[in-house]
Amino acid sequence: MPEANPPTSRRVAAVTILTLIGLCLAVVCGLAIGPTPIGTMRILGSVLSRVGIGHSTLDTLQSTIIWQLRAPRLVLGLLAGAMLSVAGGTYQGVFRNPLADPYLLGVAAGAGLGATFAIMDIGGGTYTPTWTPLMAFAGAMMAVAITWIIGGRGLRSNAATLILAGVAVSALLTSMQTFLQQQASAQSIARVYVWLLGSLASASWSSVDLVLPYVLVCTAICVVAGRALDVMSVGEDESRSLGVPVRRVRFIVIAASSLGTAAIVSAVGLIGFVGIIVPHIVRLLVGTSYRRILPISVAFGAAFLVFADTIARTVIAPSELPLGVVTALVGAPVFVLILSLRRRMVR
Amino acid sequence: MSIVEIEHLTVRAGSKVLVSDVSLDIEAGTWCTIIGPNGAGKTSLVETVAGLRKASSGSVRINGTKLATMNERSRARVVSLVPQHPEVPAGMTVKEYVSLGRSAYHGLLHAPSAQDRRIVESVFERLALEEFALRDVVTLSGGERQRMVLGRALAQSTMVIVLDEPITGLDMRHQMELLELLKTQVEECGLTVIATMHDLTLAGQFADRLVLINRGGVVIDGPAGEVVRSAELAQCYGMTLRVVDVDGADVVVPVRS
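Protein chains in written order, with my numbering: chain X, 7 to 353; chain D, 2 to 258.
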């Protein structure tokens, strides 16, 4: 019989500290790396001057690059990585399904349809309208609402029915989006495609302001739900017999995960892989308890996405790689490496 | 005094009647085993008593309070469940698993209190689970696993414990061990046990009372010795049964026709 290898509190503490160090490094990379070289210490001086310590040595151009280009992009990347990762982990817990990701209930398909409609109908395919994010957000929330309703009329539904409803709604909305694209010019299809691949290139403080409240509230709800998700890992009936109001908890965490994901998708497009891979990597490192997985996923996901974005915007500079491509290219080998290391440790 | 009062309970699933007009009063500190052939409605009955199924009509009261008026948390403080096929989530330690039994006390937003931890430790001691405490739940054998699930139910500190076929899949030694552990809790802690079982011999040896049900309704209800010797028992199973006295214990033997 194999001996168990449950994570020790020392290992969890070590992973937490390393993740926080990684997060700090990601912040430094996000601010310091770019086509215009600016010294890390000078950036730090500028950051400290903002909180009243010392004074900045950056000139006006450098200050604009840091505070109007790199900083909002960094903050939006941190928020997107944190939200997608914690939402993915929460979905995996609430559905007890390791393949669950934040797009499971139709958020991606709904947002894609909304954005496609905005670009092609409102923008006429010639430009990406400013209210594309709003249309994407509306599409995402509409998709989740339809899934929730047809997946068993809300509170009475079970997890499997909801997943199936999500698959059906995603297929329907994706086919509608494909139909719309079929009617479009090559130029507008290209715009839609760029949006679908996801990017932090258009990040601004206004987009940060827009998603920040959603991400803070929704992330907090998901992290707090960790203890409930741990109990729910024994199944719906047993959880109820242990005192968990399963359907209410499920409604709250699905609503929080979906709302936060919709807000992020509306701002940065569809960034794949983060929501599924980060919780899995964290699970391999700290064990199966959602009380540990979810808060560490917040920091890990935030750092991961900023590192991925740094690669995306530097490898073929001045052009950018699609962020979703980089998250998969970086994430998959990291995941396989940790998986094989973990297997060796268990043996 | 009756701690569990089941009054004219009927449970339906769609048009199918699973439990039909069952009325039972179960005294505190007693062991009541529900027996009957497959599909008789045993599991539906005990799941309703555990609050997992809604009554179509009639009611279940525990300690005078209607189950239907309780929320999940209140219910988990008065009745606990050992399911027929418990889910054991890989990666969880035995200690974490048994501690889930305290969820209804510390809530979902707080960590277990010192008292919660003390109660879990006492369960580990009573069920001799200490040596497994840090093992992954999936590495336990069938008997160890069932003892752990019983530990989780005992950690709920309820007055009533419901067990759905708790010894299915265990070898004879582990069956006896588990039932003896449970009997000790009944005798020493005044626990009320409602269990379903297929093994009529063990059901008769451990229960104070047997309730034979068939097609959702109660056929006969009484002391174990009377029920295992009743003509209704053989009729319900549609076969010939003999009861043999072995050192004062009734052993129910099916006879090939």
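No residue lacks a Cβ here, since even glycine has one placed at the ideal position from N, Cα and C.
None of the values given here were measured: they were computed from a predicted structure.
Cβ of residue i within 8 Å of any chain D Cβ
i	result
X/G249	yes
X/D215	no
X/V237	yes
X/T96	no
X/P8	Confidence at X/P8 is low in this model, with a pLDDT of 37, below 50, so the placement of that residue should be treated as unreliable; the coordinate-derived value is given next. So, interface residue.
X/T122	no
X/G99	no
X/G388	In the structure as shown, chain X begins at 7 and stops at 353. Residue 388 of chain X is therefore absent and cannot be evaluated.
X/V92	no
X/W154	no
Minimum Cβ-Cβ distance from residue i to chain X less than 8 Å
i	result
D/G59	no
D/L130	no
D/I4	no
D/E88	yes
D/L183	no
D/A51	yes
D/S16	no
D/S114	no
D/G42	no
D/A69	no
D/A196	no
D/A134	no
D/P84	yes
Sheet register partners of residue i (DSSP bridge)
i	result
D/R210	D/C33 and D/P224
D/E6	D/D26 and D/R62
D/G218	D/N215
D/A250	D/V247
D/T11	D/S58
D/L242	D/P255
D/K67	D/R62
D/T197	D/I35 and D/D165
Where residue i sits in the DSSP three-state scheme
i	result
D/R230	coil
D/T202	helix
D/K96	helix
D/R62	strand
D/K184	helix
X/S210	coil
D/S104	helix
X/V332	helix
X/I169	helix
D/S81	strand
D/R136	coil
X/P8	Annotation note: pLDDT 37 at X/P8 (below 50); position unreliable, coordinate value reported separately. Here X/P8 sits in coil by DSSP.
X/I260	helix
D/S21	strand
X/L64	coil
X/T294	coil
X/V100	helix
D/A91	coil
X/S191	coil
D/L192	coil
Neighbouring residues, chain X, relative to residue i (Cβ below 7 Å)
i	result
D/E73	R246, G249, V250 and P251
D/A77	S247, L248 and G249
Residues that residue i contacts on chain X, provided the C-beta gap is smaller than 8 Å
i	result
D/E122	Per Cβ cutoff of 8 Å: no residues; D/E122 is ~18 Å from chain X at best.
D/A105	L248 and G249
Contacts of residue i in chain D (Cβ-Cβ under 7 Å)
i	result
X/A234	L109
X/D65	The contacting residues do not exist; X/D65 stays about 50 Å from chain D at best.
X/V200	Under the 7 Å cutoff, chain D gives no residues; its nearest Cβ is about 40 Å from X/V200.
Proximal residues of chain D, C-beta to C-beta of residue i below 8 Å
i	result
X/D6	The first residue shown for chain X is 7 and the last is 353, placing residue 6 of chain X beyond what the model contains.
X/V230	L110
Partner residues on chain D for residue i, Cβ-Cβ distance less than 9 Å
i	result
X/T294	P90, A91, G92 and M93
X/V6	Outside the displayed range of chain X (7 to 353) lies residue 6 of chain X, so it cannot be described from this structure.
Contacts of residue i in chain C (Cβ-Cβ under 9 Å)
i	result
D/G102	This model lacks chain C altogether; the protein chains it does include are X and D.
Closer than 7 Å: residue i CB and nearest the ligand PLP heavy atom
i	result
D/V229	Within the structure as shown, the ligand PLP is missing, as the structure has no ligands at all.
Proximal residues of chain X, C-beta to C-beta of residue i below 9 Å
i	result
D/S81	S247 and L248
Give the residues from the stretch 303-316 of chain X that approach chain D closer than 7 Å (Cβ to any Cβ), ordered along the chain. none
When Cβ atoms are compared, which residues of the stretch 147-176 of chain D fall closer than 7 Å to chain X? none
Selection of the stretch 214-246 of chain D by Cβ proximity to chain X, strictly under 8 Å: So the list is empty, because no residue satisfies the distance condition.
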